[in-house]
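S.K.:
Numbering (this note's numbering), first residue to last: 87 to 440.
1. First and last residue of the beta strand (DSSP E) that includes residue 147?
2. Classify residue 443 as helix, strand or coil using the three-state DSSP reduction.
3. Do you know offhand how far residue 174's Cα is from residue 375's?
4. Distance check for residue 353 and residue 429, CA to CA, integer angstroms please.
5. Taking the alpha helix (DSSP H) that residue 204 falls in, what are its first and last residues?
6. Determine the DSSP secondary structure at residue 369, reduced to helix, strand or coil.
7. Let me know if residue 242 comes out buried or exposed under the rule of 16 or more other beta-carbons within 10 Å of its beta-carbon.
8. What span of residues does the alpha helix (DSSP H) with residue 154 cover, start to end?
9. Enumerate in chain order the residues of its own chain whose CB-to-CB distance from residue 414 is below 7 Å, with the five nearest sequence positions on each side excluded.
10. If you draw a straight line from the alpha carbon of residue 179 to that of residue 368, how long is it in whole angstroms?
11. Name the residue from 208, 133, 207 and 140 whose alpha carbon lies nearest to the alpha carbon of residue 182.
12. Which residues in the same chain have their Cβ closer than 8 Å to the Cβ of residue 400, if we skip the five residues on either side of it in sequence?
13. Whole angstroms is fine: what's the gap from residue 94's alpha carbon to residue 211's?
14. Report yes or no: do the segment 195-210 and the segment 134-144 share at least 3 C-beta pairs separated by less than 8 Å?
15. Under DSSP, the alpha helix (DSSP H) around residue 178 begins and ends at which residues?
16. Exposed or buried, what is residue 160 when buried is set at 16 or more other beta-carbons lying within 10 Å of its beta-carbon?
17. Please report the straight-line C-alpha distance between residue 365 and residue 166, rounded to a whole angstrom.
18. Where does residue 210 sit, in a helix, a strand or coil, going by DSSP?
19. According to DSSP, simplified to helix, strand and coil, what is residue 235?
20. Could you give the DSSP three-state label for residue 93: helix, strand or coil?
21. Restricting to Cα atoms, I'd like to know which of 330, 148 and 322 is closest to residue 284.
22. Using a 10 Å radius around the Cβ and a threshold of 16 neighbouring Cβ atoms, would you call residue 250 buried or exposed?
23. Which same chain residues end up closer than 6 Å to residue 260 when comparing Cβ atoms and leaving out the 5 residues on each side of it in sequence?
24. Classify residue 312: buried if its beta carbon has 16 or more other beta carbons within 10 angstroms, exposed otherwise.
25. Less than 8 Å between the C-beta atoms of residue 203 and residue 96, yes or no?
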């Protein structure tokens, strides 16, 4: 493998981008997301002329001599440069210079534009040769973060509203009783990660299949209330969250259905999402608890008697309908159970019964 570190002005990156030669999303690139404050901090670095880490670029030349530059590491920095140049983001309001505080590129004086254009980033050009896999290079560049869990990386990177809300929530006794928070899960922040998924249902009023990329997007989207238009009403968010927790607690007081059947991530996510997305149509807590217990007993029956021959032969029409939903719930609790279709099918099955 050949390497060639080279200083480049920001105008070079902008020119390559406009020419369609700068590829920000090659197959091996991470789908990480910067929050607004991350972009503001990098612009601060540029306008104060502080040094920044090098950008790693894989240079490819086709048989006709056309060159493309695939970004191996540095995507978010380059995206920030492009977004600022296209007037999509602004410098921080607290930068400390009234000439550019809170302004977009089109609004800053020409001398500051030139300072932006003239900022230098070191580009480490990588030319793969026979036997060298560019994916391996990408892995090595990013290996320093591999020993940390994704949620631990979010903890190191974000310090805004959503992560503070998720981490504070994970300490509540409710989650320890539900066994979402345990000493083992808390140690690597897996409890915070799962609670983040549940809170995202409230914020987005929708469910989503599990993915670290999606969680990164949610953390960035709800990081800075003061910098985000149409930020959710946090007081209403708290009210909805506490109402769902109260319903689950009271359901357990009715018949211990939560202690008996809602101690796995699949079941917790399904019940939480059902309650969150059907708040206005819920019956009284006792009815929910009794129907949920009856349904989950049926799901357990599906586990214990997996073949038709082992099941009771005489059932009512209503019982037959319930058995079908119980089977749907069970089938979608196996395999890729955190994918969107499986989560949707479980919640739909719950809704048909509850």
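By construction, the Cβ of each residue, glycine as well, lies at the ideal position given by its N, Cα and C atoms.
The model shown is predicted, which means the values in this text are computed figures rather than measured ones.
M.R.: Once the coordinates are examined:
1. Its beta strand (DSSP E) spans residues 141-147.
2. Within the shown structure, residues of the chain are numbered from 87 to 440, placing residue 443 beyond reach of any answer.
3. Per the coordinates, the alpha-carbon of residue 174 lies some 49 Å from the alpha-carbon of residue 375.
4. Annotation: residue 429 to residue 353 spans about 10 Å, alpha carbon to alpha carbon.
5. Note, residue 204: alpha helix (DSSP H), 196-204.
6. Shown here, residue 369 sits in coil according to DSSP, grouped into three states, outside any helix or strand.
7. Residue 242 counts as exposed, since fewer than 16 other C-beta atoms from the protein chains shown sit within 10 angstroms of its C-beta.
8. For residue 154, there is no enclosing alpha helix (DSSP H); the residue is part of the beta strand (DSSP E) that begins and ends at 153-159.
9. If we look at residue 414 and ignore the five residues flanking it on each side, its Cβ neighbours are 431 and 435.
10. Straight-line Cα distance between these residues: approximately 45 Å.
11. Ranking the options by Cα distance to residue 182, first place goes to 133.
12. In this prediction, residue 400 has a pLDDT of 43, which is less than 50 and means its spatial position is unreliable; nothing more can be read from the coordinates.
13. When rounded, the distance between both Cα atoms is 11 Å.
14. Taking a contact to require three or more Cβ pairs closer than 8 Å, the segment 195-210 and the segment 134-144 qualify as touching.
15. Boundaries for residue 178: no alpha helix (DSSP H) harbours it, and the DSSP string shows neither H nor E there.
16. Classification for residue 160: buried.
17. So the alpha carbons of these two residues sit roughly 40 Å apart.
18. Strand, per DSSP.
19. In the structure shown, residue 235 sits in coil (DSSP, three-state: anything other than H, G, I, E or B).
20. Three-state DSSP puts residue 93 in a strand.
21. Checking every option, the nearest Cα to that of residue 284 belongs to 330.
22. Around the beta carbon of residue 250, a 10 Å sphere encloses fewer than 16 other beta carbons of the protein chains shown; the residue is thus reported as exposed.
23. Setting aside the 5 residues that flank it on each side, residue 260 is surrounded in the same chain by 331, each with a C-beta closer than 6 Å to its C-beta; the list follows chain order.
24. Sixteen is the threshold: since fewer than 16 other Cβ atoms of the shown chains lie within 10 Å of the Cβ of residue 312, the residue is exposed.
25. Cβ distance < 8 Å, so residue 203 and residue 96 count as in contact.
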